[in-house]
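In the numbering used here, the protein residues as written are 4 to 254.
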């Protein structure tokens with residue numbers, strides 16, 4: 004029978020190992036928009052990243068709802084083999100001005116449906132690329148509520164919006180943070196990229212790419228830090244057990 008200290012060490016190791024899984028998992032589990040930020044007033048291209056969370060079912064449809072409180076006049080999808088994209092528009096209660104012209108309707112939803120034989124299988128993810136603009140200049144973020152449908156009929160609703168000071172909801176909506184554009188003097192004047200640039204690696208998209216890389220690096224650093232702690236705990240446990248055995252042999 005193992006001694007009490009040995010059982011305690013084993014329990015500590017189990018807790019430490021579990022913490023690695025807990026901390027590493029959320030960074031990859033949700034539907035997200037990447038890069039996570041873009042310049043206010045400009046055009047950008049983003050990817051809606053969809054991981055398959057089921058162990059037994061595959062993702063066959065993604066619906067992304069675009070906010071109409073800050074309508075986007077230009078929305079274009081990048082063709083993806085094996086998937087059919089359907090764009091729905093809605094009439095605006097109040098027209099918006101874009102490059103001096105009135106715009107009376109805007110895209111309200113994009114639906115990607117897998118063709119026969121196509122799916123996001125367990126352990127896989129897919130990215131759906133969209134060009135957007137012009138982004139609002141009077142908001143600091145945009146939430147894109149999304150629905151993920153599996154081939155067994157299950158639907159996961161990524162629609163919850165995080166509240167300041169509250170824990171992250173279980174199914175958060177993908178959020179694009181909006182930052183002051185380069186050259187913004189703080190008086191509502193911002194640099195705006197051309198619509199054509201938004202769909203082909205616009206300057207706004209390129210400028211925000213490092214931010215996505217930074218978030219990825221931060222997540223990796225946290226995971227590696229936890230792994231280092233676990234390794235340290237294991238090393239300490241091995242050392243203590245070795246000393247106990249040596250002491251027992253000497254007596």
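Even for Gly, the Cβ is constructed at its ideal location relative to N, Cα and C.
Here the structure is a predicted model, which means the values were calculated and not measured.
- In chain order, 163, 165 place their CB closer than 7 Å to the CB of residue 172, counting only its own chain and leaving out the 5 sequence neighbours on each side.
- Apart from the 5 residues on each side of it in sequence, residue 70 sits with its Cβ closer than 6 Å to the Cβ of 145 in its chain, given in chain order.
- The beta strand (DSSP E) runs lying completely inside the stretch 37-65 and spanning 3 residues or more are 40-42, 47-54, given in chain order.
- Counting along the chain, residue 184 sits inside no alpha helix (DSSP H), nor does DSSP assign it H or E at all.
- Contact holds between the stretch 126-136 and the stretch 44-57, because three or more Cβ pairs, one in each stretch, are under 8 Å apart.
- Residue pairing by DSSP leaves residue 177 without any beta bridge partner.
- Going by beta carbons, residue 135 and residue 78 fall inside the 8 Å limit.
- Nearest in C-alpha terms to residue 174, of all of 150, 61, 167, is 150.
- Taking the CA atoms as reference points, residue 107 sits about 13 Å from residue 73.
- Assignment of beta-bridge partners to residue 150 by DSSP yields 66, 160.
- Taking a C-beta distance under 8 Å as the contact criterion, residue 86 and residue 117 qualify as a contact pair.
- In this structure, residue 123 keeps its C-beta atom at 8 Å or more from the C-beta atom of residue 59.
- Look at residue 76 here: in three-state DSSP terms it is coil, with no helix or strand label.
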